[in-house]
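Student: Chains as they are written, first to last, in this note's numbering: chain A, 212 to 392; chain B, 742 to 847.
Even for Gly, the Cβ is constructed at its ideal location relative to N, Cα and C.
Just so you know, these numbers come straight off a predicted model, no measurement behind them.
Pasting a structure below so you can have a look.
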Amino acid sequence: LQKAIKLLRVSDNQIVSATLTTLAQKHLDDFETYWKPRLQVSKEEDRYWDWEKKNRIAASSINYEKYAIECEQITQGLMIIEIDWHRSQVDPGKSIVYVEFLATAPWNRPSIQKPPQFRGVGKILLEFARSRSVALGYAGRVALHALPNAEPFYDKQNMMNFGSDPDKEDLIYFEWSQLRT
Amino acid sequence: MQFDLEKFEFDEEWLREAARIEEEADCDIQAGFDWGANLGDYIASARSFISQEKLMTVFQEELEGLLSQGLLSQENIEMIVNAAVDAAQTRARDLVIENIQSAKSA
Chain A
212 LQKAIKLLRV
222 SDNQIVSATL
232 TTLAQKHLDD
242 FETYWKPRLQ
252 VSKEEDRYWD
262 WEKKNRIAAS
272 SINYEKYAIE
282 CEQITQGLMI
292 IEIDWHRSQV
302 DPGKSIVYVE
312 FLATAPWNRP
322 SIQKPPQFRG
332 VGKILLEFAR
342 SRSVALGYAG
352 RVALHALPNA
362 EPFYDKQNMM
372 NFGSDPDKED
382 LIYFEWSQLR
392 T
Chain B
742 MQFDLEKFEF
752 DEEWLREAAR
762 IEEEADCDIQ
772 AGFDWGANLG
782 DYIASARSFI
792 SQEKLMTVFQ
802 EELEGLLSQG
812 LLSQENIEMI
822 VNAAVDAAQT
832 RARDLVIENI
842 QSAKSA
């Protein structure tokens with residue numbers, strides 16, 4: 212996948228070209244080189260995530276799809292989705308795209324950098340998960356567990372909030388139900 | 742405002758609205774469960790994790806000389822203890838998460 216997209220560069224309020232693409236080694240290298248040093252000194256809940264390991268695990272099954280957004284030659288967001296095993300809570304039994312991991316680059320996070328460098332990264336990745344759900348015949352159903360400081364964003368997406376999930380260290384489970392046509 | 746989910750194409754107006762919603766939410770955008778991701782807050786919230794009272798006793802004994810000379814006040818001792826508890830909890834929480842994740846996670 213190599214999809215031309217746009218992001219909003221906050222510093223000058225300009226729309227800039229970017230690419231939504233399949234996760235590649237370059238993105239993992241960017242994570243190690245640029246993301247990790249900033250995350251490790253932060254209080255971010257994902258500061259111990261290791262995308263290299265996540266990539267290896269995801270590579271073990273065709274159920275996983277891995278994506279990245281690039282802009283100005285740097286990785287701006289990463290996402291891994293699972294497309295077969297998970298089922299909807301809204302429509303029990305119905306297949307769903309489950310967002311295993313989604314993260315934006317440290318400089319795109321208001322808790323680390325204000326204002327962030329780019330806006331639109333998280334929203335576009337999430338919408339792309341929904342786009343995959345439509346393509347797979349899952350009618351736009353998407354689910355995820357939000358990290359605590361991301362909950363307001365998912366609430367604003369009109370995702371259904373199922374509350375804390377004791378099986379996932381009380382992370383909040385969100386779900387987009389079937390798209391209305 | 743146009744957004745085509747099937748072709749995954751959107752116009753500038755849609756993007757600016759998406760950016761506005763992100764700005765309004767004023768939070769990071771992350772998702773996904775990993776071992777220990779949310780454990781830190783749980784540990785930090787456990788009142789008995791590091792006993793402030795015990796530390797206060799130790800510090801008061803150790804700094805008695807400075808207290809009696811008026812070089813430190815009781816309030817100063819409390820500030821020192823609070824700082825010590827915060828630092829110890831943060832470090833302990835990070836180590837617990839690190840250990841759990843290296844043992845169990847992807």
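Can you say whether G378 (chain A) is buried or exposed, counting buried as having 16 or more other CB atoms within 10 angstroms of its CB?
Tutor: On the first sequence, residue 378 (chain A) is found 167 positions in, with the first residue counted as 1. Note on identity: in this sequence residue 378 (chain A) is Asp, with Gly being the wrong assignment. By the 10 Å Cβ count, D378 (chain A) comes out exposed.
Student: Along the chain, where does the beta strand (DSSP E) containing V353 (chain A) start, and where does it finish?
Tutor: Along the first sequence, one-based indexing puts residue 353 (chain A) at 142. Run containing V353 (chain A): V353 to A357, per the beta strand (DSSP E) assignment.
Student: Beta carbon of T230 (chain A), beta carbon of I216 (chain A): below 8 Å?
Tutor: Mapped onto the first sequence, residue 230 (chain A) falls at position 19. Mapped onto the first sequence, residue 216 (chain A) falls at position 5. Cβ atoms of T230 (chain A) and I216 (chain A): closer than 8 Å.
Student: Which residues of chain A have a Cβ atom closer than 9 Å to the Cβ of Q801 (chain B), listed in chain order?
Tutor: By 1-based counting over the second sequence, the position of residue 801 (chain B) is 60. Simply none; closest approach about 31 Å.
Student: If the cut-off is 7 Å on Cβ atoms, which residues from the segment 221-249 of chain A count as contacting chain B, listed in chain order?
Tutor: Residues I226.
Student: Give the residues from the segment 756-769 of chain B that approach chain A closer than 9 Å (Cβ to any Cβ), ordered along the chain.
Tutor: Taking 9 Å as the Cβ-Cβ cut-off against chain A, the residues of the segment 756-769 of chain B that qualify are L756, R757, A759, A760, R761, I762, E763, E764, E765, A766, D767, C768 and D769.
Student: Taking C-alpha atoms, which residue in A:I323, A:R343 and A:K237 lies nearest to D205 (chain A)?
Tutor: Only positions 212 to 392 of chain A appear in this structure, which leaves residue 205 (chain A) out of reach.
Student: Which same chain residues end up closer than 8 Å to D295 (chain A) when comparing Cβ atoms and leaving out the 5 residues on each side of it in sequence?
Tutor: On the first sequence, residue 295 (chain A) is found 84 positions in, with the first residue counted as 1. Excluding sequence neighbours, D295 (chain A) sits near N274 and S306.
Student: Pull up the distance between the alpha-carbon of A361 (chain A) and that of W260 (chain A), whole angstroms please.
Tutor: Walking along the first sequence from the start, residue 361 (chain A) turns up at place 150. Walking along the first sequence from the start, residue 260 (chain A) turns up at place 49. In a straight line, the C-alpha of A361 (chain A) is about 16 Å away from that of W260 (chain A).
Student: If you run the structure through DSSP and keep just helix, strand and coil, what is E758 (chain B)?
Tutor: Here residue 758 (chain B) is taken as the residue at index 17 of the second sequence, counted from 1. DSSP places E758 (chain B) in helix when its eight states are reduced to three.
Student: Quick check: is the beta carbon of D257 (chain A) nearer than 8 Å to any beta carbon in chain B?
Tutor: Against the first sequence, residue 257 (chain A) aligns to sequence position 46. So yes, D257 (chain A) belongs to the interface.
Student: Ignore the nearest five residues each way along the sequence and tell me which others in E763 (chain B)'s own chain have a CB closer than 8 Å to its CB.
Tutor: The residue you call residue 763 (chain B) lines up with position 22 of the second sequence. So the qualifying residues of the chain are I770.
Student: Identify, in the order they occur along the chain, each residue of the same chain with its Cβ nearer than 6 Å to the Cβ of R343 (chain A), setting aside the five sequence neighbours on each side.
Tutor: Mapped onto the first sequence, residue 343 (chain A) falls at position 132. Closer than 6 Å at Cβ, skipping near neighbours: V308.
Student: Tell me which residues share the same chain as L804 (chain B) and place their Cβ nearer than 7 Å to its Cβ, disregarding the 5 neighbours each side in the sequence.
Tutor: Residue numbering aside, residue 804 (chain B) sits at position 63 when the second sequence is read from its first letter. For L804 (chain B), where only same-chain residues beyond five positions count, the Cβ hits under 7 Å are L813 and I818.
Student: Since Q743 (chain B) meets chain A, which of its residues come closer than 9 Å, beta carbon to beta carbon?
Tutor: Indexing the second sequence from 1 puts residue 743 (chain B) at position 2. Simply none; closest approach about 12 Å.
Student: Hey, out of B:K795, B:D827 and B:C768, whose CA is closest to P393 (chain A)'s CA?
Tutor: No information on residue 393 (chain A) is available, as it lies outside the stretch 212 to 392 that chain A covers here.
Student: Under the criterion of a Cβ to heavy atom distance below 7 Å, does P377 (chain A) qualify as lining the ligand FAD?
Tutor: What this structure holds is no ligand at all, so the ligand FAD is not there to describe.
Student: Identify every run of the beta strand (DSSP E) within the segment 255-335 of chain A, keeping only runs that are complete inside it and at least 3 residues long; order them along the chain.
Tutor: List check, beta strand (DSSP E) in window: 275-282, 285-293 and 308-315.
Student: Pull up the distance between the alpha-carbon of N218 (chain A) and that of E816 (chain B), whole angstroms please.
Tutor: To locate residue 218 (chain A), count along the first sequence from 1; it is residue 7. To locate residue 816 (chain B), count along the second sequence from 1; it is residue 75. Strictly speaking, residue 218 (chain A) in this sequence is Leu, with Asn absent from that position. Cα-Cα distance, rounded: 51 Å.
Student: At 8 Å on the CB atoms, spell out the chain B contacts of G331 (chain A), in chain order.
Tutor: As a position in the first sequence, residue 331 (chain A) is number 120, starting the count at 1. Per Cβ cutoff of 8 Å: L756, A759, A760 and E763.
Student: Rounded to a whole number of angstroms, what is the C-alpha to C-alpha distance between L313 (chain A) and L808 (chain B)?
Tutor: Taking the first sequence and counting its residues from 1, one reaches residue 313 (chain A) at position 102. Taking the second sequence and counting its residues from 1, one reaches residue 808 (chain B) at position 67. Between L313 (chain A) and L808 (chain B), the C-alpha separation is close to 52 Å.
Student: Locate the alpha helix (DSSP H) running through Y365 (chain A), then write down its first and last residues.
Tutor: Within the first sequence, the letter at position 154 stands for residue 365 (chain A). Start and end: E362 to K367.
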